[in-house]
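In what follows, a single structure is set out as structure tokens and then discussed.
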């Protein structure tokens, strides 16, 4: 029996995928109240998937501030739980930090230093933390943490077809008290075999509980595409697809006019992102990467559109 199977619905143009998402939420979303006091137009369980081979998905229908986004990514990679260095370059996180720059929730803190239970804690009668594991660290205060991202890099190098390359920024106890628990709370890497004789493809899927389409999602798309490209370079792979599930995809009512203006614009060609290597040609490790190691080539964009931040 011959099966009639429709092709998977996907969009290869990242810019068009984003614009289609905005248009869909504007048309089908429902008015919804939230903690900020500014109502949103909200849609449940939106999704898009794009091909990173097309180019680096930095939006062109408005100016996206690549430098600020990159500073934020490098802050994530540092594992810091404060913004004392970050705020010298961008104000992105100022509203949620205390006077000393400390945060109740910091993505990189959980990516690189996820809190583990106290030494000796048992699960099912067995101790569930291996103190000798290469990615378990004892912090200065004696607590234990686990470097999720380093574990993913090792897995990509040793067992790339694994289905266990998951990074979580969500800690339930922290989320219960945080001023702003993680919005993009977990991501997973997956490798697809190549059929053209070249290197295999590294894919990334991001799950996001709360997605501000005007301000947040363009940064999220650029951030995780950059991270995927960096990890692919480390592991000798090629960037594949980026897929994004948005549980509450929303547009603040004071962002509607700006997004309608953006929808009326025609996208320009996607830029290219280059990540520096060591002098010997080998890729730099994540902890070696610095701001000047990232070069954006051919970024053409239309004028910036101002959107107020809902705090």
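Numbering (the numbering used here), first residue to last: -5 to 305. From the three backbone atoms N, C-alpha and C, an ideal C-beta is built for every residue, glycine too. Computed from a prediction, not measured in an experiment: that's the story for all the values here.
In this structure, DSSP gives residue 61 a helical state, which the three-state scheme calls helix. If you draw a straight line from the Cα of residue 109 to the Cα of residue 251, it comes to about 42 angstroms.
In the structure shown, residue 127 adopts coil according to DSSP, grouped into three states.
By the C-beta criterion, the segment 46 to 64 is judged not to be in contact with the segment 20 to 33, since fewer than 3 inter-stretch pairs fall below 8 angstroms.
By alpha-carbon distance to residue 293, the top candidate from 305, 286 and 263 is 263. Of the other Cβ atoms in all chains shown, fewer than 16 fall within 10 Å of the Cβ of residue 257; this residue is therefore exposed. The continuous stretches of beta strand (DSSP E) do not include residue 32, and DSSP gives it neither H nor E. Residue 285 sits exposed, since fewer than 16 C-beta atoms from the chains shown fall within 10 Å of its C-beta.
Around the beta carbon of residue 214, a 10 Å sphere encloses 16 or more other beta carbons of the protein chains shown; the residue is thus reported as buried. If you ignore the 5 residues before and after residue 305, its C-beta comes within less than 7 angstroms of the C-beta of 30 and 89, all in its own chain and listed in chain order. For residue 186, the secondary structure class from DSSP, reduced to helix, strand or coil, is strand. DSSP, read as helix, strand or coil, puts residue 25 in strand. Distance from the Cα of residue 299 is smallest, within the candidate group 11, 20 and 56, for 56. Under the three-state reduction of DSSP, residue 198 is assigned to strand.
Here the C-alpha atom of residue 41 lies approximately 26 angstroms from the C-alpha atom of residue 189. Secondary structure in the segment 85 to 161: the alpha helix (DSSP H) runs of 4 residues or longer, each lying completely within the stretch, are 101 to 106 and 142 to 152 in chain order.
Here residue 243 is bridged, per DSSP, to 37 and 205. Counted as a single uninterrupted DSSP element, the beta strand (DSSP E) harbouring residue 291 occupies residues 288 to 291. Rounded to the nearest whole angstrom, the CA to CA distance from residue 111 to residue 101 is 19 angstroms. The bridge partners DSSP lists for residue 236 are 44 and 198. Our two residues, residue 238 and residue 74, have alpha carbons roughly 25 angstroms apart in a direct line. 9 angstroms or more divides the Cβ of residue 63 from the Cβ of residue 200.
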